[in-house]
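Student: Each residue of the sequence shown is one higher than the one before, counting from 2 in this note's numbering.
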Amino acid sequence: MCGIVGYIGPKDVVPVLLEGLKKLEYRGYDSAGVAVAGGGGIRLCRVRGKVAALEECLGRAPIEGAYGLGHTRWATHGCPSEANAHPHVDCTGGIVVVHNGIIENYLALKTKLKAEGHVFRTETDTEVIAHLVEKHFSGSLEEAVRAALAEMEGAFAVGAIAVKDPGRIVAAKMGPPLVIGLGDGETIVSSDINPILAHTSRVAFLEDREMAVIDASGPRFLDFKGAPVEKKIERISWSPLMVEKQGFKHFMLKEIYEQPQVIRDTLMGRISLDRGEVLLAETGIPAEVFRDVRKAVIIACGTSSHAGLIGKYFLESLAGIPADVEYASEYRYRDFILDKDALVIVISQSGETADTLAALRAAKGRAAATLAVTNAVSSSIARESRGVLYTHAGPEIGVAATKTFTAQLTALALVALGLAQAKGAGTKEDRLAVIAELQRIPHKVERILHRAGAIEDLAQQFMAFSHFLYLGRWVNYPVAMEGALKLKEISYIHAEAYAGGEMKHGPIALIDEKMPTMALIPRDRVYDKMRSNIAEIKARAGFVIAAADENDAALREHVDAVIPLPATPPLLTPFLAVVPLQLFAYQITAKRGADVDQPRTWPSP
Ligand code: M6R
Numbered sequence: 002m003c004g005i006v007g008y009i010g011p012k013d014v015v016p017v018l019l020e021g022l023k024k025l026e027y028r029g030y031d032s033a034g035v036a037v038a039g040g041g042g043i044r045l046c047r048v049r050g051k052v053a054a055l056e057e058c059l060g061r062a063p064i065e066g067a068y069g070l071g072h073t074r075w076a077t078h079g080c081p082s083e084a085n086a087h088p089h090v091d092c093t094g095g096i097v098v099v100h101n102g103i104i105e106n107y108l109a110l111k112t113k114l115k116a117e118g119h120v121f122r123t124e125t126d127t128e129v130i131a132h133l134v135e136k137h138f139s140g141s142l143e144e145a146v147r148a149a150l151a152e153m154e155g156a157f158a159v160g161a162i163a164v165k166d167p168g169r170i171v172a173a174k175m176g177p178p179l180v181i182g183l184g185d186g187e188t189i190v191s192s193d194i195n196p197i198l199a200h201t202s203r204v205a206f207l208e209d210r211e212m213a214v215i216d217a218s219g220p221r222f223l224d225f226k227g228a229p230v231e232k233k234i235e236r237i238s239w240s241p242l243m244v245e246k247q248g249f250k251h252f253m254l255k256e257i258y259e260q261p262q263v264i265r266d267t268l269m270g271r272i273s274l275d276r277g278e279v280l281l282a283e284t285g286i287p288a289e290v291f292r293d294v295r296k297a298v299i300i301a302c303g304t305s306s307h308a309g310l311i312g313k314y315f316l317e318s319l320a321g322i323p324a325d326v327e328y329a330s331e332y333r334y335r336d337f338i339l340d341k342d343a344l345v346i347v348i349s350q351s352g353e354t355a356d357t358l359a360a361l362r363a364a365k366g367r368a369a370a371t372l373a374v375t376n377a378v379s380s381s382i383a384r385e386s387r388g389v390l391y392t393h394a395g396p397e398i399g400v401a402a403t404k405t406f407t408a409q410l411t412a413l414a415l416v417a418l419g420l421a422q423a424k425g426a427g428t429k430e431d432r433l434a435v436i437a438e439l440q441r442i443p444h445k446v447e448r449i450l451h452r453a454g455a456i457e458d459l460a461q462q463f464m465a466f467s468h469f470l471y472l473g474r475w476v477n478y479p480v481a482m483e484g485a486l487k488l489k490e491i492s493y494i495h496a497e498a499y500a501g502g503e504m505k506h507g508p509i510a511l512i513d514e515k516m517p518t519m520a521l522i523p524r525d526r527v528y529d530k531m532r533s534n535i536a537e538i539k540a541r542a543g544f545v546i547a548a549a550d551e552n553d554a555a556l557r558e559h560v561d562a563v564i565p566l567p568a569t570p571p572l573l574t575p576f577l578a579v580v581p582l583q584l585f586a587y588q589i590t591a592k593r594g595a596d597v598d599q600p601r602t603w604p605s606p
């Protein structure tokens with residue numbers, strides 16, 4: 002992923018672009034650049050490194066212009082370097098482009114353009130766009146971009162400006178997202194809404210094969226053939242404050258602490274206690290469709306797939322329907338067999354993950370319905386699914402997903418309860434009891450957060466270890482996977498997750514005093530089994546930290562440290578067990594001095 006931002010309006014363009022890029026850094030941060038135009042020229046500044054490095058560079062050598070483009074990069078073609086940083090230019094330097102995505106036929110295009118005399122200066126696929134626009138340019142940037150698009154294959158969100166067609170930004174989308182913010186006398190184009198919030202709440206989301214031609218009077222929307230497109234202008238309810246740290250040292254920490262509210266917000270309006278019902282009409286999927294569903298297929302990537310694995314237990318236990326969980330990156334390439342009575346649930350925080358979107362597209366029309374669980378209003382996955390249940394988590398800026406994970410669990414519990422209701426699985430009293438317990442979760446998460454100091458102490462004790470094992474069973478096995486993912490992603494410590502019962506089939510050989518284990522042992526149906534698993538670890542001199550019921554005094558003698566969890570019904574323990582694991586990963590990373598919100602992308606030069 003990369004982040005794109007563009008601005009035309011009365012404000013000082015460079016600060017607007019820099020602020021926008023900072024909010025897009027979760028999409029990539031190995032190099033960054035801006036180009037500003039005005040007064041008959043275009044000026045560029047590009048650096049290897051983060052937006053902070055770009056800001057420093059611009060502080061040393063300021064550039065000015067009336068409008069411009071910015072980019073923060075996550076390298077795909079060509080290593081992170083100043084030369085490969087966007088914006089990229091044509092042979093003349095008068096045409097500038099930024100791009101998010103991959104031009105699949107760039108090698109063929111590059112060979113052809115080189116033969117025609119174009120001189121390439123970078124290893125990127127993006128540079129071909131600048132030369133293609135140059136080749137087709139005869140005074141109108143809009144027409145040149147459209148002609149260039151006709152030759153490009155792959156996935157791209159593009160922004161372009163040209164000296165010889167001043168006062169105009171042309172933006173186009175085929176795949177990755179592009180949002181246009183319509184302010185008062187100003188327009189901002191961006192990869193997501195976060196940079197737009199400071200300027201306006203009115204936005205239009207470009208669809209695939211759509212362009213926006215923006216000048217001082219605002220945007221015009223067209224398709225790739227040049228036909229005008231009528232766009233719906235939407236109002237976004239997120240506030241600009243939501244994309245600030247608000248006193249926390251890192252976004253990840255702020256987002257961990259937001260979880261009680263996020264769970265409350267995701268439940269809000271979706272439960273009628275009077276009627277004893279979960280309300281899923283807002284998804285747009287009729288109750289009869291839910292009633293006739295006989296199976297679920299959950300598709301997602303990364304943290305969202307871990308939430309999906311827990312959702313599988315919810316669906317099986319609460320609604321009595323079987324569920325499979327699939328990595329979108331695998332599913333999309335399979336000759337998968339999808340039953341007509343299956344509900345496909347796609348989970349994606351961003352709503353834009355390319356593999357998840359591709360898997361959704363492949364599954365569409367082959368199942369009873371597709372339901373998106375996403376945090377991003379009007380994202381591609383939300384738009385392309387038959388129904389959508391939003392996680393009301395607000396913007397997640399830290400790269401490590403935290404609050405969106407617990408919000409996804411909340412939404413999946415609601416889906417499972419809604420399916421149970423539609424199918425008449427279990428009794429109304431059973432469902433009401435689960436709803437009541439779900440409503441108690443936020444307060445219990447608050448209690449865990451109040452004891453965060455003890456987790457910080459543990460992090461201090463364990464920060465020097467190089468390997469960790471995360472162990473769980475049943476509904477907490479996916480929580481172990483999520484805990485291990487958090488630790489390796491941000492701290493670069495090797496962490497592996499295992500289902501407790503699998504230890505004896507080989508991995509137990511790894512255990513010694515250099516490999517501490519984080520074990521999830523709430524009182525549930527596998528409690529005794531987990532106790533046996535940790536006894537085996539202790540017998541091999543392994544150090545065990547146990548996340549366990551706060552009243553489980555007997556366990557304390559058998560482990561080295563305990564993270565107490567408030568009592569909750571076993572099926573809902575993932576909501577609680579994951580929080581200390583997030584805090585543990587955060588604290589270790591902060592103490593080791595790594596960048597919590599933006600894990601490394603490339604070895605240091
Ligand atoms: O936006 P998505 O939920 O589709 O993203 C999927 C993964 O890339 C994401 O969950 C990733 O694993 C987390 N950021 C890791 O913390």
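Idealized CB from N, CA, C, for every residue including glycine.
#1: Smallest Cα separation from L459: which of K404, V97 and A548?
#2: Any idea if V6 is buried or exposed, counting beta-carbon neighbours within 10 angstroms, 16 or more meaning buried?
#3: What is the rounded straight-line gap between the Cα of A324 and the Cα of G186?
#4: Between which residues of its own chain and L207 is the CB-CB distance below 6 Å, once the five residues before and five after are set aside?
#5: In whole angstroms, what is the alpha-carbon distance linking R333 and C58?
#6: Assuming H307 is part of the beta strand (DSSP E), what are its boundary residues?
#7: Out of A116, A62 and L566, state which residue places its alpha-carbon closest to the alpha-carbon of I442.
#8: Confirm the yes/no value for this check: CB of S192, any heavy atom of the ligand M6R, distance under 6 Å.
#9: Identify whether Y27 lies in helix, strand or coil by the three-state DSSP scheme.
#10: Taking contact to mean 3 or more Cβ pairs, one atom from each stretch, closer than 8 Å, check whether the stretch 133 to 144 and the stretch 189 to 203 are in contact.
#11: When you compare the CB positions of A481 and A320, do they come within less than 7 Å of one another, or not?
#12: When DSSP labels each residue in this structure, what does E497 get in the three-state scheme?
#13: F222 by DSSP, collapsed to three states: which one?
#14: Can you grab the Cα-Cα spacing for the pair S82 / E128, in whole Å?
#15: Is S608 near the ligand M6R - that is, is its Cβ less than 6 Å away from at least one heavy atom of it?
#16: Please report how far the alpha carbon of G219 lies from the alpha carbon of L183, in whole angstroms.
#17: On a CA-only basis, which of D525, V527 and A562 is nearest K539? Give me that one, please.
#18: Report, in whole angstroms, the separation of the C-beta atoms of V545 and T518, which I expect to be a contact under 8 Å.
#19: Can you pull the DSSP bridge partners for N101?
#20: Would you mind reading off the limits of the alpha helix (DSSP H) that contains H87?
#21: Hey, would you say Q350 sits closer than 7 Å to A417, going by beta carbons?
#22: L361 and I382 look like a contact to me (Cβ under 8 Å); what is the Cβ gap, rounded to whole Å?
#23: Is there contact here, the stretch 290 to 306 with the stretch 338 to 348, by at least three beta-carbon pairs under 8 Å?
#24: Between the stretch 403 to 410 and the stretch 258 to 271, can you find at least three pairs of beta-carbon atoms closer than 8 Å?
#25: Quick check: the stretch 238 to 252 against the stretch 574 to 582, are at least 3 beta-carbon pairs closer than 8 Å?
#26: Using 8 Å as the cut-off, can you tell me whether the stretch 13 to 26 makes contact with the stretch 34 to 41, which would need three or more C-beta pairs spanning the two stretches below that distance?
#27: Which same chain residues, not among the five before or five after Q599, have their C-beta less than 8 Å away from its C-beta?
#28: Are R169 and L150 close, meaning C-beta to C-beta below 7 Å?
#29: Less than 7 Å between the beta carbons of L439 and V279, yes or no?
#30: Could you tell me the distance, in whole angstroms, from the CA atom of K592 to the CA atom of S32?
#31: Tell me the rounded alpha-carbon separation between S380 and M2.
#32: Ends of the beta strand (DSSP E) at C610?
#33: From the DSSP secondary-structure annotation, give me the bridge partner or partners of F469.
#34: By the 10 Å Cβ neighbour count, where 16 or more other Cβ atoms means buried, how is Q461 classified, buried or exposed?
#35: Thinking C-alpha only, which one of E117, H78, Y107 and L110 is nearest E124?
#36: Cα-Cα, which of A455, E152, T188 and R474 is closest to N106?
Tutor: According to the structure shown:
#1: Counting from 1 along the sequence shown, the entry for residue 459 is found at position 458. Of the candidates K404, V97 and A548, the one whose C-alpha sits nearest the C-alpha of L459 is A548.
#2: As a first step, residue 6 is located in the sequence shown; it is residue number 5 there, counting from the start. Answer is buried; the Cβ neighbour count reaches 16.
#3: Position 323 of the sequence shown, counted from the start, is the residue given in the question as residue 324. Position 185 of the sequence shown, counted from the start, is the residue given in the question as residue 186. Taking the straight line from one Cα to the other gives about 50 Å.
#4: In the sequence shown, counting from the first residue as 1, residue 207 sits at position 206. Excluding positions up to five away in sequence, the list reads K174 and L179.
#5: Working through the sequence shown from its first residue, we reach residue 333 at position 332. Working through the sequence shown from its first residue, we reach residue 58 at position 57. Rounded to whole angstroms, R333 to C58 spans 42 Å at the Cα level.
#6: The sequence position of residue 307 within the sequence shown is 306, counting from 1. Segment G303 to F315 is the alpha helix (DSSP H) holding H307; no beta strand (DSSP E) there.
#7: Along the sequence shown, one-based indexing puts residue 442 at 441. I442 has its Cα closest to that of L566, out of A116, A62 and L566.
#8: Position 191 of the sequence shown holds residue 192. No, the beta carbon of S192 sits no closer than 6 Å to any heavy atom of the ligand M6R.
#9: Position 26 of the sequence shown, counting from 1, holds the residue named residue 27. Correct three-state label for Y27: helix.
#10: no
#11: For the purposes of this step, residue 481 is taken as residue 480 along the sequence shown, with counting starting at 1. For the purposes of this step, residue 320 is taken as residue 319 along the sequence shown, with counting starting at 1. No, these two residues do not count as a Cβ contact at 7 Å.
#12: Along the sequence shown, one-based indexing puts residue 497 at 496. The answer is strand: DSSP assigns E497 an E or B state.
#13: Mapped onto the sequence shown, residue 222 falls at position 221. In this structure, F222 counts as strand in the three-state DSSP scheme.
#14: As a working note, residue 82 is residue 81 in the sequence shown. As a working note, residue 128 is residue 127 in the sequence shown. C-alpha separation (whole angstroms): 14 Å.
#15: Residue 608 falls outside the range modelled here, since the chain spans only 2 to 606, and no answer is possible.
#16: For this step, residue 219 is matched to residue 218 along the sequence shown. For this step, residue 183 is matched to residue 182 along the sequence shown. Distance between the alpha carbons of G219 and L183 is about 7 Å.
#17: The count along the sequence shown starts at 1 and reaches residue 539 at position 538. Of the listed residues, the one whose Cα sits closest to K539 is A562.
#18: Here residue 545 corresponds to residue number 544 of the sequence shown, with the count starting at 1. Here residue 518 corresponds to residue number 517 of the sequence shown, with the count starting at 1. Contact between V545 and T518 holds, with the beta-carbon distance rounding to 5 Å and staying under 8 Å.
#19: Translated into positions along the sequence shown, residue 101 becomes position 100. BP columns for N101 point to A158.
#20: In the sequence shown, counting from the first residue as 1, residue 87 sits at position 86. Where H87 is concerned, there is no enclosing alpha helix (DSSP H), given that its DSSP letter is neither H nor E.
#21: Position 349 of the sequence shown, counting from 1, holds the residue named residue 350. Position 416 of the sequence shown, counting from 1, holds the residue named residue 417. No. Outside cutoff.
#22: Along the sequence shown, one-based indexing puts residue 361 at 360. Along the sequence shown, one-based indexing puts residue 382 at 381. Sure, about 6 Å apart at Cβ, within 8 Å.
#23: Touching, yes, given that three or more Cβ pairs across the two stretches are closer than 8 Å.
#24: yes
#25: Touching, no, given that fewer than three Cβ pairs across the two stretches are closer than 8 Å.
#26: Under the 8 Å Cβ criterion, the stretch 13 to 26 counts as touching the stretch 34 to 41, having at least three qualifying pairs.
#27: Position 598 of the sequence shown, counting from 1, holds the residue named residue 599. Closer than 8 Å at Cβ, skipping near neighbours: E26, Y27, Y30, K51 and V400.
#28: For this step, residue 169 is matched to residue 168 along the sequence shown. For this step, residue 150 is matched to residue 149 along the sequence shown. Their beta carbons are not under 7 Å apart, which means R169 does not touch L150 by this criterion.
#29: Walking along the sequence shown from the start, residue 439 turns up at place 438. Walking along the sequence shown from the start, residue 279 turns up at place 278. No; because the gap between Cβ atoms is not below 7 Å, this pair is not in contact.
#30: As a first step, residue 592 must be located in the sequence shown, where it is residue number 591. As a first step, residue 32 must be located in the sequence shown, where it is residue number 31. If I take the Cα positions, the gap works out to 26 Å.
#31: Taking the first residue of the sequence shown as position 1, residue 380 is located at position 379. Taking the first residue of the sequence shown as position 1, residue 2 is located at position 1. Their Cα atoms are separated by approximately 15 Å.
#32: In this structure the chain extends from 2 to 606, so residue 610 is not present and cannot be described.
#33: Against the sequence shown, residue 469 aligns to sequence position 468. DSSP, once it has assigned bridges, lists A496 as partnering F469.
#34: Against the sequence shown, residue 461 aligns to sequence position 460. Exposed, since its Cβ has fewer than 16 Cβ neighbours within 10 Å.
#35: One-based indexing of the sequence shown puts residue 124 at position 123. Minimum Cα distance to E124 is reached at H78.
#36: One-based indexing of the sequence shown puts residue 106 at position 105. Of the listed residues, the one whose Cα sits closest to N106 is E152.
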